[in-house]
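S.K.: Okay, handing you the structure first.
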Amino acid sequence: MNANQFAGELAGRHVVLGLSGGAACFKAAEFCRLLVKSGATVQVVMTEAACQFITPVAMQALSGRPVYVSQWDARPDNNMAHINLSREADAIVVAPASADFIAQLAQGRAGELLALLCLARPIARVPLLLGPAMNREMWAHPATQRNLQQVINDGAHLLGVAHGDQACGEFGDGRMLEAGELVEELIAFLAPKPLLGQRVVITAGPTFEAIDPVRGITNHSSGKMGFAVARAAREAGAEVTLVAGPVHLPTPRGVLRIDVQSARDMHAAAIAQVEDADIFVATAAVADWRPASAAEQKIKKDGSGEVPQLAFVENPDILAEIAHSPRAQAGDLFCVGFAAESENLKANAQAKRVRKGVPLLVANIGPATFGRDDNALLLVDDEGVMELPQASKRVLAQQLVAEIARRVSGLDA
Ligand code: C5P
0 MNANQFAGEL AGRHVVLGLS GGAACFKAAE FCRLLVKSGA TVQVVMTEAA
50 CQFITPVAMQ ALSGRPVYVS QWDARPDNNM AHINLSREAD AIVVAPASAD
100 FIAQLAQGRA GELLALLCLA RPIARVPLLL GPAMNREMWA HPATQRNLQQ
150 VINDGAHLLG VAHGDQACGE FGDGRMLEAG ELVEELIAFL APKPLLGQRV
200 VITAGPTFEA IDPVRGITNH SSGKMGFAVA RAAREAGAEV TLVAGPVHLP
250 TPRGVLRIDV QSARDMHAAA IAQVEDADIF VATAAVADWR PASAAEQKIK
300 KDGSGEVPQL AFVENPDILA EIAHSPRAQA GDLFCVGFAA ESENLKANAQ
350 AKRVRKGVPL LVANIGPATF GRDDNALLLV DDEGVMELPQ ASKRVLAQQL
400 VAEIARRVSG LDA
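This is the structure we're talking about:
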């Protein structure tokens, strides 16, 4: 886990990190470290049970603040840790949230400081997020599911659980999310939601056009920009489908990913997905041509010195086709294209926007961006051009999504 990947993302946020009892407490230590690296200030509160699994000393060292365990802790001047701690939080995250702790919340019990401060929090202002962790049978038990439903109805936000190996040796649902996943979920939760209720389809990465079963033609697109746009759109509240060419990138949380190889696969997947979408963003570097026919068997070198002759045919232009569809033309599907140019960025981008028939085209210098983590963008629409200066693809994706949301809500108005 690269701790710097979240650098600054939670700057200025104050998080109360609650630990209840469970083997997953060791992951809460890493979670705490990542929160601090993300710029958050972290106040740890532990139950007595949590102290059986990890010490308050360890959590104090990682958070840089004394840990609270007891509601009778006399350190606060007013002796009301539950009030003070809950009032200053931007979010309370309980991870691990044990079955017993969730049961306490469901009943509104307040026998320990952590449950007490959850109950005492200003419910409209301070969100409560839960990262459950328990054995699969405990997770599946009707009592746990009933309690979870109750705490969700009462305003808590469930961060979900993972499926896999459990500390007890069993395998199934109920594992706590990994530390990085928890941070990603918290960042997403706290992000503004200008795309709430929108369905977004994004193409990303290169395509691979087969020559024979072992060879093919592809390009240097890493997919990083498209994946960053998918993550930012999901954080902005959209339901996101990512149609990805062959890339080795992790799927952003909460995003539906459809893996494809060739331009024709990508075309078929994108056409099917945009049917009920509101926004289509084409970031993929789609091959313009493919070998006219892929050989069924590997083409052999026979020693004669003769080289195979490849004939090419043109691939479908996914973006142009979708942008010219009746729904897009009627304004029901907002299409965004990308252009990787090597010169004359502005003039080429303006011409491409018209040719593709899209309201918004995002241009960049192709060779300068492929595979890199940062970039600079030029947004071209019918009103002119807008520069998004050099920044990480993460930041540029957030800015682009905000620009798309502004235009889409403008259309709706
Ligand atoms: O024409 P050019 O390839 O430069 O256009 C780039 C834009 O068009 C990108 O948004 C890309 O995803 C999209 N495109 C496409 N299908 C193609 C070629 C490009 O969707 N066959």
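All residue numbers for the sequence shown refer to numbering that gives the first Met the number 0, where the first residue is 0 and numbers rise by one. The beta-carbon is built from N, C-alpha and C at its ideal position, and this holds for glycine as well.
Would the beta-carbon of D316 be found less than 6 Å away from any heavy atom of ligand 1?
M.R.: yes
S.K.: Find the nearest neighbour of D153 within the set R120, H323, E177, judged by alpha-carbon distance.
M.R.: R120
S.K.: Judging by CA-CA distance, which residue of P290, A231, F279, E183 is the nearest neighbour of T202?
M.R.: F279
S.K.: Can the beta-carbon of Q42 be found less than 7 Å from the beta-carbon of V68?
M.R.: no
S.K.: Using only CA atoms, which one of G7, V242, L309, A187 lies nearest to A294?
M.R.: L309
S.K.: For D115, I'd like the list of residues in its chain whose CB is within less than 7 Å of its CB, leaving aside the five on either flank, ordered along the chain.
M.R.: In the sequence as presented, Asp is not what sits at residue 115; that position holds Leu. Answer for L115: Q70, H81, A109, listed in chain order.
S.K.: How would you call R174, buried or exposed, if buried means at least 16 neighbouring beta carbons within 10 angstroms?
M.R.: Looking at its Cβ environment, which holds 16 or more other Cβ atoms inside 10 Å, R174 is buried.
S.K.: Is the closest heavy atom of ligand 1 to the C-beta of A22 under 6 Å?
M.R.: no
S.K.: Given a threshold of 16 other Cβ atoms within 10 Å of its Cβ, counted over all protein chains shown, does Q413 qualify as buried or as exposed?
M.R.: Residue 413 cannot be examined here, being either before or after the span of the chain that is shown, 0 to 412.
S.K.: Run the CB neighbour count on Q397, radius 10 Å, all protein chains shown included, and call it buried at 16 or more, exposed below.
M.R.: buried
S.K.: If you draw a straight line from the alpha carbon of A57 to that of I91, how long is it in whole angstroms?
M.R.: Between A57 and I91, the alpha-carbon positions lie close to 20 Å from each other.
S.K.: Cβ of A109 versus every heavy atom of ligand 1: is any distance shorter than 6 Å?
M.R.: no
S.K.: From G17 to G204, what distance separates their C-alpha atoms?
M.R.: 39 Å
S.K.: To the nearest angstrom, how far is it from the Cα of H162 to the Cα of V306?
M.R.: 51 Å
S.K.: Going by C-alpha distance, which of R32, H247, D316, A235 is nearest A433?
M.R.: For the chain, the structure presents residues 0 to 412; residue 433 sits outside this window and is missing.
S.K.: May I ask you to list the residues that DSSP assigns as paired with A155?
M.R.: Note: A155 sits in no beta bridge, so no partner.
S.K.: What are the partner residues of I91, as DSSP defines its beta bridges?
M.R.: Beta-bridge pairing by DSSP links I91 to V15, L127.
S.K.: Skipping 5 residues on each side, what residues in its chain have a beta carbon closer than 6 Å to that of S62?
M.R.: Same-chain partners within the cutoff: C31, V41, V43.
S.K.: Check the DSSP bridge columns for T40 and list the partner residues they point to.
M.R.: H13
S.K.: How about the region 391-410 and the region 215-234: do they share at least three Cβ pairs that are nearer than 8 Å?
M.R.: yes
S.K.: Looking at C-alpha atoms only, which residue of F369, L255, A178, L113 is the closest neighbour of V4?
M.R.: Note on residue identity: the sequence assigns Gln, not Val, to residue 4. If we check each option's Cα against that of Q4, A178 comes out closest.
S.K.: Could you name the residues of the same chain whose beta carbon sits closer than 7 Å to that of L395, not counting the 5 residues immediately before and after it, in chain order?
M.R.: N374, L376, L387
S.K.: Does the Cβ of F337 lie closer than 6 Å to at least one heavy atom of ligand 1?
M.R.: yes
S.K.: For S85, collect the residues of the same chain with a Cβ closer than 8 Å to its Cβ; drop the 5 residues on either side in sequence, then sort them by chain order.
M.R.: Counting only Cβ-Cβ distances below 8 Å, and skipping sequence neighbours, we find V15, I91, L116, C117, A119, R120, P121, V125.
S.K.: State the start and end residues of the unbroken alpha helix (DSSP H) segment that holds S85.
M.R.: 80-86
S.K.: What alpha helix (DSSP H) runs, 4 residues minimum, are completely inside the region 176-211?
M.R.: 178-189
S.K.: By the three-class DSSP mapping on this structure, what secondary structure does C31 have?
M.R.: helix
S.K.: Say whether the region 208-220 touches the region 344-354, bearing in mind that this needs 3 or more beta-carbon pairs closer than 8 Å, one atom from each stretch.
M.R.: no
S.K.: How far does the beta strand (DSSP E) with F333 in it extend, from its first residue to its last?
M.R.: 333-340
S.K.: Return yes when at least one heavy atom of ligand 1 lies under 6 Å from the C-beta of A119, else no.
M.R.: For ligand 1, not one heavy atom lies less than 6 Å from the Cβ of A119.
S.K.: If you drop the 5 nearest sequence neighbours on each side, which residues of the same chain put their C-beta closer than 8 Å to that of N83?
M.R.: P75, N77
S.K.: Grab the span of the alpha helix (DSSP H) containing V239 for me, first residue to last.
M.R.: Element bounds for V239: not the alpha helix (DSSP H) but the beta strand (DSSP E), 238-243.
S.K.: Report whether the distance from the Cβ of V44 to the nearest heavy atom of ligand 1 is below 6 Å.
M.R.: no
S.K.: Measure from the alpha carbon of Q106 to the alpha carbon of each residue in Q148, A123, V361, M79, then state which is nearest.
M.R.: Q148
S.K.: I'd like to know whether the C-beta atoms of G336 and K355 end up nearer to each other than 7 Å.
M.R.: It is a contact, given that the beta carbons lie within the stated cut-off.
S.K.: Do V379 and L360 come within 7 Å of each other at the CB atom, strictly closer than that value?
M.R.: Taking 7 Å as the Cβ cut-off, L360 and V379 qualify as a contacting pair.
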